[in-house]
Amino acid sequence: MRKPYPNPFLAEALWNELEQYREPLCYDLAGRCFQLVMDNGVTYALQFVSGEMLAWGERGGALRWDAYECLKLDDETYFVNWEVTGVQPRTCITLALDLRADLITAVHAKIGAIAKYPYLVTQEIIFGAIKQPGKPLNPMRHGYTADLAGRNIFWRYSSNFGITHAFVSEHYLRVPIGQPPELPFDATEEERAERDAEFAQRKAHLFEIPAFFIKLREDVYFFGFIEETECCMDPTLCGNSLIMVADMNRVHDIGRCFASDYRNHYAPQNFLFSAFGAFHDTPDPIDTMPSPYRIF
Amino acid sequence: MSYNHRMIGQKIFNPVSPNPSIGGMKQYLEPPTNELAGKTLEVHLDGLPPVLIRFLDGTNLQWAKPGEAFRWEQYEAAKGDENLYLIKFLLAERSPVTHVTLVWDAVTTLVTCVLAVLGADGAHPRLVESTVYYGAQKLPRQPLAAGRHGLTDDLVGKRIIWRYNPNDEIMHVYHGSDHLRLGDSDKVLAPDADEEARKHYQAFLDREGIYPCYEEPTYYIKLREGFYLYSVTERNINRVLPNQGGNQLLILLNALRVRYIGRVFGYRGDGSIENDFIGGIGRFGPQPDKVESLQYPIYEQSEI
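So the protein sequences, as listed, match chains U and W. For the first sequence, numbering that gives the first Met the number 0 begins at 0 and goes up steadily by one. For the second sequence, numbering that gives the first Met the number 0 begins at 0 and goes up steadily by one.
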């Protein structure tokens with residue numbers, strides 16, 4: 000875990016560097032029930048029993064309980080995430096719940112589904128609609144988009160961590176080489192050396208990963224990526240998955256990280272975060288760098 | 000861009016949204032919460048009659064004192080933490096304009112109420128006067144909590160640089176137990192500034208000769224470990240420049256995550272009532288700002 004930015008109220012870091020700015024968890028959905036008609040042919044019941052527990056299952060089957068977490072992008076857009084209890088391989092379900100259009104997009108993700116890459120996340124995106132009483136199902140769906148292709152956003156996750164996402168196309172994301180990250184004024188020589196080594200690594204090794212971009216409505220996007228490239232080259236690394244729903248007018252996103260921590264004995268991770276961003280068009284060597292991994 | 004080099008009126012670069020970014024102090028604001036809908040809160044504030052509040056939905060509430068008919072108000076609520084609520088509403092039938100802010104800690108059951116009045120001081124009609132009441136939530140068959148939120152100096156001597164949008168940062172210097180200063184900043188008018196931004200910039204220029212450092216009265220209230228409520232009232236600026244300032248900013252600070260939500264109450268530049276949530280993300284400022292070495296108080300009452 001990166002050293003926290005000096006905070007006189009924290010003796011030690013309570014969160015990792017992605018989590019600090021997370022908004023309070025949202026309990027708005029407690030008590031609400033939804034019927035989700037998904038394009039995989041399955042209809043689900045989803046009952047938010049409380050602010051922390053939900054019951055869900057296929058139509059006609061038994062409901063099962065799981066603990067969930069929710070963040071709210073706006074009054075009509077909720078981001079819901081839970082890990083299915085007691086299931087192997089680890090399974091995570093993430094929903095973009097769009098109550099304006101009564102649409103839903105779900106991501107069904109697993110870690111360990113491929114034996115050769117035990118820490119790689121694999122995921123399936125499923126579109127669907129929310130059945131509301133007395134109303135026909137919305138025949139529309141959230142859809143893939145190229146709106147963000149070619150754009151760069153610098154996201155701040157915490158007092159001392161930010162990163163640029165360069166959406167180089169509608170299918171790939173890169174991290175610019177940029178400048179070495181700033182360190183707190185009291186950073187030690189060891190921390191500076193670690194930062195310099197990471198920066199040298201970044202210059203030598205293009206970070207490029209597959210991504211998906213889905214538009215929910217004007218200004219609101221659901222996107223994510225899996226850190227797949229490095230994991231496939233070195234299976235001892237983790238192919239973690241980050242998924243976000245973002246308001247691109249405010250340049251603000253909320254999301255989740257479904258992961259294993261290779262720096263900590265592959266400990267399971269599944270947490271929510273918030274990030275606050277700024278578009279920029281600062282040129283970077285990655286803008287024109289050919290991909291060493293893919294033909295595109 | 001940093002807190003001490005501010006570009007006034009700089010447009011926020013946004014190549015994706017068809018509309019200009021919202022900007023100001025609301026861009027990074029979290030959405031209001033609807034989770035109070037259906038809840039009832041019986042508040043006992045020290046020295047005042049109890050009040051029963053019924054949250055009808057996410058934006059409407061009714062309140063009444065014992066034996067009185069319920070009155071209907073429009074409210075907004077935001078969260079400082081999972082169970083810590085900042086609730087605000089105007090009293091629709093009250094004159095002069097009166098604003099209620101409640102901080103309700105649903106874990107400790109403690110409640111603090113800030114009652115703010117606009118225009119109570121006839122000589123300074125823009126100035127907000129506020130009074131703090133401490134109390135607790137009454138739960139069925141349980142005694143009222145004995146503890147109270149209380150004034151604190153925990154923040155004094157510290158400083159936080161707040162970021163409100165991609166272009167703007169401001170440093171709050173918690174300089175003393177009864178006042179706050181803003182970190183020193185050079186302000187430059189952006190080349191593409193619009194008319195409103197030019198007026199805003201001119202207001203800064205008007206202040207600088209007679210108001211060299213932003214220093215305003217403050218009180219700091221501790222809510223629980225790492226959580227604070229503090230008030231900043233633009234009293235000095237309003238007395239120096241009667242057509243400016245006077246507003247009150249109440250900030251619910253999560254010092255652990257270094258985030259805040261707050262509310263502004265007062266007059267906008269166009270004369271309408273401002274009653275808005277604002278919010279920011281921050282980092283503690285490690286080094287003293289030059290305003291911290293200035294004498295205190297900068298603004299003697301006799302001078303203004």
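Cβ coordinates follow ideal geometry from the N, Cα and C atoms, glycine included. Just so it is clear, the structure is predicted and the values come from calculations on it, not from any experiment.
Separation of residue j from residue i, as counted between CA atoms
i	j	result
U:M0	U:A114	Below a pLDDT of 50, predicted positions are generally treated as unreliable, and U:M0, at 47, falls in that range; the measurement from the model is reported next regardless. Cα-Cα distance, rounded: 28 Å.
W:L51	W:H43	9 Å
W:Q243	W:R282	29 Å
U:G149	U:F278	11 Å
W:P14	U:I152	11 Å
U:D286	U:I176	10 Å
U:S273	U:E217	20 Å
W:R267	W:V96	14 Å
W:L83	W:G265	24 Å
W:W161	W:E168	5 Å
U:F33	U:Q131	8 Å
W:N274	W:T100	11 Å
W:G225	W:R158	14 Å
U:R296	U:P7	There is simply no residue 296 of chain U to check, as chain U begins at 0 and stops at 295 in what is shown.
U:E169	U:Y265	31 Å
U:A199	U:P179	9 Å
W:N33	U:M37	27 Å
U:E18	W:T130	36 Å
U:M139	U:D101	10 Å
U:A10	W:L251	21 Å
W:I185	W:M6	It is Asp, not Ile, that sits at residue 185 of chain W in the sequence shown. If I take the Cα positions, the gap works out to 8 Å.
U:N137	U:W55	22 Å
8 Å Cβ cutoff met for residue i and residue j
i	j	result
U:T90	U:K109	yes
U:R194	U:L182	yes
W:D177	W:P211	no
U:T144	U:R255	no
W:G134	W:D45	yes
U:F211	U:I124	yes
U:Y118	U:C230	yes
U:K214	U:G127	no
W:L150	W:Y227	no
U:L45	U:L35	yes
W:F276	W:E128	no
U:G59	U:P88	no
U:L271	U:E68	yes
W:I11	W:S20	yes
W:V239	W:I260	no
W:N235	W:Y298	yes
U:I225	U:S240	yes
W:D288	W:G182	yes
W:R180	W:E207	no
W:A36	W:G57	yes
Integer-rounded CB distance, given that residue j should sit under 8 Å from residue i
i	j	result
U:G50	U:A66	With a Cβ gap of about 10 Å, U:G50 and U:A66 do not count as contacting.
W:G8	W:R197	7 Å
W:E29	U:E22	5 Å
W:Q141	W:W103	Not confirmed; about 16 Å, so no contact.
U:L147	U:Y261	U:L147 to U:Y261, Cβ: 29 Å. No contact.
W:S230	W:V106	Incorrect: roughly 23 Å between the Cβ atoms, too far for contact.
U:V41	U:E57	6 Å
W:R53	W:N237	36 Å between Cβ atoms; not a contact.
U:A245	U:H251	7 Å
W:R147	W:L109	6 Å
W:S16	U:M243	With 8 Å as the limit, W:S16 and U:M243 do not qualify as a contact, their Cβ atoms being about 16 Å apart.
Cut-off 7 Å between Cβ atoms - residues of its own chain near residue i, not counting five sequence neighbours on either side
i	result
U:T228	E207, I208, Y292
U:R31	F47
W:L293	C212
W:P65	P48, P49
W:I303	Summary for W:I303: the model assigns pLDDT 41, below 50, so the residue's position carries little reliability; its value from the coordinates is reported in the next sentence. N235, R238, V239, listed in sequence order.
W:P285	none
Close Cβ partners of residue i (< 6 Å) along its chain, the five nearest in sequence each way excluded
i	result
W:R258	I280
U:A105	L94, I125
W:H98	L89, A115, F264
W:F69	Q61, A63
Own chain residues within Cβ distance below 8 Å of residue i, not counting five before or after
i	result
U:I162	F153, W154, Y156, V174
W:V152	One point to set straight first is that residue 152 of chain W is Asp, not Val, in the sequence displayed. Within the same chain, W:D152 has close Cβ partners S176, Y219.
W:S301	In this predicted model, W:S301 has a pLDDT of only 46, less than 50, meaning its place in the structure is not dependable; the value taken from the coordinates is given anyway. Counting only Cβ-Cβ distances below 8 Å, and skipping sequence neighbours, we find nothing.
Note to self: To be precise: take each residue of the stretch 278-289 of chain W, compare its Cβ to all Cβ atoms of chain U, and keep it if any distance is under 8 Å. Which residues remain?
What the structure shows: Along the stretch 278-289 of chain W, going in chain order, the ones with a CB nearer than 8 Å to a CB of chain U are I280, G281, R282, F283, P285, Q286.
Next item on the list: Anything in the stretch 135-154 of chain U with a Cβ closer than 7 Å to a Cβ of chain W? List those residues in chain order, please.
Entry: Listed in sequence order: D146, L147, R150.
Check: For the stretch 5-17 of chain U, which residues have a CB atom closer than 9 Å to at least one CB atom of chain W, in sequence order?
Finding: Correct list: P5, N6, P7, F8, L9, L13, W14.
Check: In the stretch 106-120 of chain U, which residues sit with their C-beta less than 8 Å from some C-beta in chain W, listed in chain order?
Finding: Per Cβ criterion, the list is empty.
Checklist line | Against chain U: residues of the stretch 12-36 of chain W by CB proximity under 7 Å | finding: Listed in sequence order: F12, N13, P14, V15, S16, P17, N18, S20, I21, Q26, Y27, E29, P30, T32, N33, E34.
Margin query: Counting only Cβ-Cβ distances shorter than 7 Å, please list the residues of the stretch 249-273 of chain W near chain U, keeping chain order.
Written below: Of all residues in the stretch 249-273 of chain W, A254, L255, R256, V257, R258 have a Cβ within less than 7 Å of some Cβ in chain U.
Check: Between the stretch 55-88 of chain W and chain U, which residues of the former have CB atoms less than 8 Å from a CB of the latter, in chain order?
Finding: Correct list: G57, K78, G79, D80, E81, L83.
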